[in-house]
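Notes follow the structure.
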Amino acid sequence: MAKARDILALGLVLATGTVAAQVQCISTVDSHGDRALVEQGDFRASVNWQNTSLQPTTIGYGSAARRAYELTVDQGRVFMVRPKGEGFEVRHDPRPDEGAVMLQLASPSKWQPVTQLDEISTFDDLAFLLDELLEEIDCGEDAVLPFRIEGHIQAATWSLDTRPVNHVGHAGPQQAAIVGIYSRHDKKRLFMVPGYNLHAHIVLKGDGFAGHLRDLQLTEGAILYLPAQRD
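Per the working numbering: the sequence shown ends with 1163, consecutive numbering throughout.
Structure follows, in structure tokens:
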């Protein structure tokens, strides 16, 4: 871990000082879903798409009603993905009456580029980077931070937690966007990954689909974006 800490420390240089004052530390999240019900196997819709609002800046993650699709949103574009035969079904057009058992959406007024990252070798390294970043910019324990990372991956492990068939996939080198939300105190409502302060999805631009992020190798030079402070 010492090597990872050294690498990640370099990636935080641009996140201090002036940039810190430009970050919206507590962002509004359009949050839907009851984790207790989901854990009991209740996968009924908690919200329909007609009752949500997507903006060009919107990012998000979730699961469709009955867990029929894995849901990812990047820059207002919806990815509804599920296994189909030997491949995948990918939709970008949820019907207004279609629902989600869980959906977390964040729509910052704009995204602030915070830092150019050094190489990140694992999901744990990504989690550590965000933990350290929150300390550096002094957002406090109540921070709710949507984030975007745009860059090139060497590899990623991702999943579709769908029913009746799920899927764990392994992606090769390509451009990707990682979207998610970071929070230390509101983990249950925002469906944080157990043991972590974040939940992240990945959009695989070469492959053309998206899913839940399990692990990654991110090439040096990716850009981390956080919500900009409101004017």
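Just so it is clear, CB atoms sit at the ideal spot from N, CA and C, and this is done for glycine as well.
For clarity, every value in this text was computed on a predicted model and none was experimentally measured.
In this structure, the beta-carbon distance from A997 to R976 falls below 8 Å. Between L1122 and Q1036, the CB-CB gap stays under 8 Å.
Secondary-structure assignment with DSSP links A1087 through a beta bridge to Q1149.
For F1079, the closest C-alpha among the options E1073, G965 and Y993 is that of Y993. In this structure the stretch 1004–1021 does not lie against the stretch 959–979, because fewer than three pairs of beta carbons, one per stretch, are closer than 8 Å. Three or more Cβ pairs drawn from the stretch 1103–1110 and the stretch 1136–1151 lie within less than 8 Å of each other, which places the two stretches in contact. By the neighbour-count criterion, in which a residue is buried when 16 or more other Cβ atoms sit within 10 angstroms of its Cβ, G1031 is buried. When DSSP states are grouped into helix, strand and coil, L1049 belongs to the coil group. The alpha carbon of P1159 has as its nearest neighbour, out of H1144, I1113, G1153 and D1147, the alpha carbon of I1113. With respect to the 8 Å criterion, P1015 and H1099 are classified as neighbours on the basis of their beta carbons. DSSP lists P1045 and R1080 as the beta-bridge partner residues of Y1157.
Contact check for L1049 against A1154 passes: the beta carbons are separated by less than 8 Å.
Scanning the stretch 989–1074 from its first residue to its last, the whole beta strand (DSSP E) runs of 3-plus residues come out as 991–996, 1002–1006, 1009–1016, 1019–1023, 1031–1038 and 1043–1048. Within the DSSP bridge table, the entry for Y1114 names L1077 and L1130 as partners. A Cβ-Cβ distance of about 6 Å is found for the pair W1090 and R1146, placing them in contact under the 8 Å criterion. Excluding its 5 nearest sequence neighbours in each direction, G1104 has C-beta neighbours in its own chain below 7 Å: A1087, listed in chain order. Relative to V1097, the option among I1069, V955 and G1017 whose CA is nearest is G1017. With 16 or more neighbouring CB atoms inside 10 Å of its own CB, S1039 falls in the buried class.
Taken in chain order, the complete beta strand (DSSP E) segments of 3 residues or longer contained in the stretch 952–982 are 962–964. Residue pairing for G1143: DSSP places it in a beta bridge opposite I1134. By the neighbour-count criterion, in which a residue is buried when 16 or more other Cβ atoms sit within 10 angstroms of its Cβ, Q956 is buried.
Around the Cβ of N983, a 10 Å sphere holds fewer than 16 other Cβ atoms; the residue is exposed. The straight-line gap separating the alpha-carbon atoms of Q1044 and A1075 is approximately 16 Å.
In this model, V1033 and H1117 are separated by some 22 Å (Cα to Cα). In the three-state DSSP reduction, V1100 falls in the strand class (E or B).
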